[in-house]
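Participant:
Numbering (mature numbering (1 follows the signal peptide of the UniProt record, and there is no 0)), first residue to last: -20 to -1, 1 to 145.
#1: Closer than 7 Å by C-beta to residue -5: which residues in its own chain qualify, once you throw out the five before and the five after it? Chain order, please.
#2: Express the C-alpha separation of residue 23 and residue 143 in angstroms, rounding to a whole number.
#3: Taking residue 113 as part of the beta strand (DSSP E), name the residues at either end of that continuous run.
#4: Kindly indicate which three-state DSSP category residue 48 falls into: helix, strand or coil?
#5: Can you list, in chain order, the residues of its chain whose CB lies under 7 Å from that of residue 20, leaving out five sequence neighbours each side?
#6: Could you name the residues that DSSP lists as bridge partners for residue 10?
#7: Just reading off the alpha helix (DSSP H) that residue 34 is part of, what are its end residues?
#8: What did DSSP end up calling residue 126 once you bin it into helix, strand or coil?
#9: With a CB to CB cut of under 6 Å and the five nearest residues on each side skipped, what residues in its chain are close to residue 77?
#10: Leaving out five residues before and five after residue 34 in sequence, what residues of the same chain have Cβ atoms less than 7 Å from its Cβ?
#11: Have a look at residue 14 and residue 26 and give me their C-alpha separation to the nearest angstrom.
#12: Measuring only between beta-carbons, confirm whether residue 33 sits less than 8 Å from chain D.
#13: In angstroms, rounded to a whole number, what distance separates the CA positions of residue 28 and residue 140?
#14: Residue 112 to residue 131, Cα distance in whole Å?
#15: Taking its Cβ as the centre, do 16 or more other Cβ atoms sit within 10 Å of residue 43, making it buried, or is it exposed?
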């Protein structure tokens, strides 16, 4: 019971203590971008318009951002908190992971490194052997009650997550 209460307090703190949208972004921020907050030295945004992975990457870059990488348990907890407070909803959101020229292998675009294994979330494969990209699925539906990370064809239209470097 204490663990549940502590978890709720942490989630509320993440939501209510998030900073105002940053003013030091290098591009002109699109009106469609929604500021989510700050964690692990990165500002996170969501863009709720469906785009292919490559179009999403370009739109993030146009705003001086990158497609987001999820590399720590703190970042994952933050994104889960945004789902709870309905800032991220619907289906999968593109993140900065894409195929590493090997079947079912991904690397982050900004670092070239494989996505790490994070606590309480796993990768689900849906798609072809090549031209696959990664997405964060916020869950919260009857078929996917918990978040997961998904690999599927980069040409699918999805909303996406951007972040600062």
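For each residue, glycine too, the CB sits at the ideal point set by N, CA and C.
Facilitator: Short version:
#1: Locating residue -5 in the chain shown gives position 16, counting from the first residue. With a pLDDT of 36 at residue -5, under the threshold of 50, the modelled position of that residue is not reliable, and no figure is offered here.
#2: Along the chain shown, read from residue 1 onward, the residue named residue 143 stands at position 163. Along the chain shown, read from residue 1 onward, the residue named residue 23 stands at position 43. When rounded, the distance between both Cα atoms is 5 Å.
#3: To locate residue 113, count along the chain shown from 1; it is residue 133. Residues 112 to 117.
#4: One-based indexing of the chain shown puts residue 48 at position 68. In the displayed model, residue 48 falls within coil according to three-state DSSP, outside both helix and strand.
#5: Looking up residue 20 in the chain shown gives position 40. Closer than 7 Å at the Cβ level, and outside the excluded window around residue 20, lie 52, 54, 55.
#6: Here the question's residue 10 lines up with position 30 in the chain shown. Paired residue(s): none; residue 10 is not in a bridge.
#7: The sequence position of residue 34 within the chain shown is 54, counting from 1. If you look at residue 34, you'll find it in the alpha helix (DSSP H) that goes 33 to 42.
#8: Taking the chain shown and counting its residues from 1, the one referred to as residue 126 is at position 146. Three-state DSSP puts residue 126 in coil, outside helix and strand.
#9: The sequence position of residue 77 within the chain shown is 97, counting from 1. Around residue 77: 86, 88, 95, 114.
#10: On the chain shown, residue 34 is found 54 positions in, with the first residue counted as 1. If we look at residue 34 and ignore the five residues flanking it on each side, its Cβ neighbours are 134.
#11: For the purposes of this step, residue 14 is identified with residue 34 of the chain shown, where counting begins at 1. For the purposes of this step, residue 26 is identified with residue 46 of the chain shown, where counting begins at 1. Roughly 5 Å between the two C-alpha positions.
#12: Looking at the structure shown, chain D is missing, and only one protein chain is on hand.
#13: As a working mapping, residue 28 is identified with position 48 in the chain shown. As a working mapping, residue 140 is identified with position 160 in the chain shown. Looking at the backbone, the Cα of residue 28 and that of residue 140 are separated by about 7 Å.
#14: Locating residue 112 in the chain shown gives position 132, counting from the first residue. Locating residue 131 in the chain shown gives position 151, counting from the first residue. The straight-line gap from Cα to Cα measures roughly 6 Å.
#15: On the chain shown, position 63 is the one that residue 43 refers to. When all chains shown are included, residue 43 counts as buried.
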